[in-house]
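J.:
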Amino acid sequence: MKQSVLFYAILLMQCFLTCFGNQQLLAQPEEHDVPTVMAGKADVDGPHIFYRKNKIYTKKVVQKDTGAVAVIDSIEAKRRADIVVECQFAKTPQWNFSTRLKPKLRNENTEYPKVEKLIAISDIEGNFEAFRRFLLSQKVIDDKYNWTFGKGHLVCVGDFFDRGANVTECLWLIYDLEEKAKAAGGYVHFILGNHEIMNMSNDYRYVSPKYMRNADLFQEPYGNWFKSSTELGRWLGTKNVVEKIGDMIFVHGGLAPDLNRLDKSLIDINNAMRPFYFIQDDVFRLGDEELQFLFDANGPLWNRSYVMANIPESDVEESLRKFGGKRIIVGHTLVNHAKMLYGGKVIAIDTRHVDPNSTALLFEGGKLYRIDQTGKRTEM
Numbered sequence: 001m002k003q004s005v006l007f008y009a010i011l012l013m014q015c016f017l018t019c020f021g022n023q024q025l026l027a028q029p030e031e032h033d034v035p036t037v038m039a040g041k042a043d044v045d046g047p048h049i050f051y052r053k054n055k056i057y058t059k060k061v062v063q064k065d066t067g068a069v070a071v072i073d074s075i076e077a078k079r080r081a082d083i084v085v086e087c088q089f090a091k092t093p094q095w096n097f098s099t100r101l102k103p104k105l106r107n108e109n110t111e112y113p114k115v116e117k118l119i120a121i122s123d124i125e126g127n128f129e130a131f132r133r134f135l136l137s138q139k140v141i142d143d144k145y146n147w148t149f150g151k152g153h154l155v156c157v158g159d160f161f162d163r164g165a166n167v168t169e170c171l172w173l174i175y176d177l178e179e180k181a182k183a184a185g186g187y188v189h190f191i192l193g194n195h196e197i198m199n200m201s202n203d204y205r206y207v208s209p210k211y212m213r214n215a216d217l218f219q220e221p222y223g224n225w226f227k228s229s230t231e232l233g234r235w236l237g238t239k240n241v242v243e244k245i246g247d248m249i250f251v252h253g254g255l256a257p258d259l260n261r262l263d264k265s266l267i268d269i270n271n272a273m274r275p276f277y278f279i280q281d282d283v284f285r286l287g288d289e290e291l292q293f294l295f296d297a298n299g300p301l302w303n304r305s306y307v308m309a310n311i312p313e314s315d316v317e318e319s320l321r322k323f324g325g326k327r328i329i330v331g332h333t334l335v336n337h338a339k340m341l342y343g344g345k346v347i348a349i350d351t352r353h354v355d356p357n358s359t360a361l362l363f364e365g366g367k368l369y370r371i372d373q374t375g376k377r378t379e380m
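Residue numbers for the sequence shown follow this note's numbering, so the first one is 1 and each next one is one higher.
1) Are the CB atoms of Phe149 and Val140 within a distance shorter than 7 angstroms?
2) Which of the three DSSP states, helix, strand or coil, is assigned to Gln94?
3) Which residues mark the beginning and the end of the alpha helix (DSSP H) in which Pro209 is found?
4) Closer than 8 angstroms is the cut-off here; do at least three beta carbon pairs connect the stretch 325 to 337 with the stretch 348 to 357?
5) Compare the beta carbon distance of Phe128 and Asn96 with 7 angstroms and say whether it is the shorter of the two.
6) Tell me whether Met380 sits in a helix, a strand or coil according to DSSP, three-state version.
7) Which whole-angstrom value describes the C-beta separation of Val155 and His195, a residue pair presumed to lie in contact below a C-beta threshold of 8 angstroms?
8) Where does the unbroken beta strand (DSSP E) through Leu341 begin, and where does it stop?
9) In the DSSP assignment, what are the bridge partners of Ala360?
10) Please classify Pro47 as buried or exposed, where buried requires at least 16 other C-beta atoms within 10 Å of its C-beta.
11) Sort out for me which residues DSSP pairs Lys55 with in a bridge.
12) Pro47 by DSSP, collapsed to three states: which one?
13) Could you give the DSSP three-state label for Thr230: helix, strand or coil?
14) Tell me whether the beta-carbon of Leu171 lies closer than 7 angstroms to the beta-carbon of Leu217.
15) Taking a contact to mean a Cβ-Cβ separation below 7 angstroms, would you say Asn199 touches Phe160 in this structure?
16) Along the alpha helix (DSSP H) that carries Glu196, what are the first and last residues, could you check?
17) What first and last residue would you give for the beta strand (DSSP E) that runs through Tyr187?
18) According to DSSP, is Gln63 helix, strand or coil?
19) Sort Asp82, Gln88, Lys53, Ala42 by Cα distance to Gly67 and report the nearest one.
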């Protein structure tokens, strides 16, 4: 009887939080089918790197014969350069990879020159297998994670967090490929989506249960994992909500018509939002209506108007004029396959990556292609 009462009390509390949370929390993410681990089961993860005064702590979960166990190490902060990040996969060790910490982290630029070759993919949501398979099929990497895309650009258009069981590994792979791409004259862009900001600012509704169990093993609350006192948190803090490459604008949700009426450039939008990545709740306490708009359901992280609202094409054209682009590439809202909308002025690329028909976007030689996990390309 007591267990039943407790169950319904918890259920009632969850309903209350969902119904009466901040406005941006009322914008519910869509359901995506992604692989996950058994609910409540700890599993291989990490490493996560925490900065504490003059010490650096490295925490990871490994699989032993007796089950999942935490491995926690610490070194002096002055030895940071000695740290090697090793991502391991117990069931598929051929996926293992390692990387070193960047000497310095810098905020990303908002605007970049036009490039000859570019791939954009979104909403991986912790599905490392699908992400790796896509990069291999499009010859962005080889099976040793070497960058093989030359001077091409890879654009990750948000929502690599939540639902799936390999978020950490996806993040470290992007982190690693950034340096390899630069060395070859290419570039990796990571645009933040609503799920990145949710995890950075204490909204864990869509986190795989694996991570909560791992947090218990770490003796480190999940809320600390992606804060500015961690390597991944600091790295995420350098990323933008919107970027423009040549005449293509990349944003996770979209640029709502009301955004056109704000006196803000793309650079202004990033600069306004960055200080609140880790403290999103403060936005709704400060009373700044413009700032609240940027983080709410119609802001660039959450907006779905291009796909779901069928807004007038003139509103899209106004956004393109205001921000100096010819196309806007978005994720966030599911489509059957990467597709052009509004006469090609918008390209939606959020597809189900567990599905064999999942697709992404390739720009090469002045043409746009829909690409899939087999390496096939279809001109759009």
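Think of the CB as a built atom: it goes at the ideal place given N, C-alpha and C, for glycine as much as any other residue. All values derive from a computational prediction rather than experimental measurement.
T.: In short, the structure shows the following:
1) yes
2) helix
3) 209 to 218
4) yes
5) no
6) coil
7) No, Val155 and His195 are not in contact; Cβ-Cβ is about 17 angstroms, not under 8 angstroms.
8) 339 to 341
9) According to DSSP, which records beta bridges pairwise, Ala360 is partnered with Ile371.
10) buried
11) Arg52, Glu76
12) If DSSP states are grouped into helix, strand and coil, Pro47 belongs with the strands.
13) strand
14) Going by C-beta atoms, Leu171 is not nearer than 7 angstroms to Leu217.
15) no
16) 194 to 200
17) Residues 187 to 191.
18) Here DSSP, grouped into helix, strand and coil, assigns Gln63 to strand.
19) Ala42
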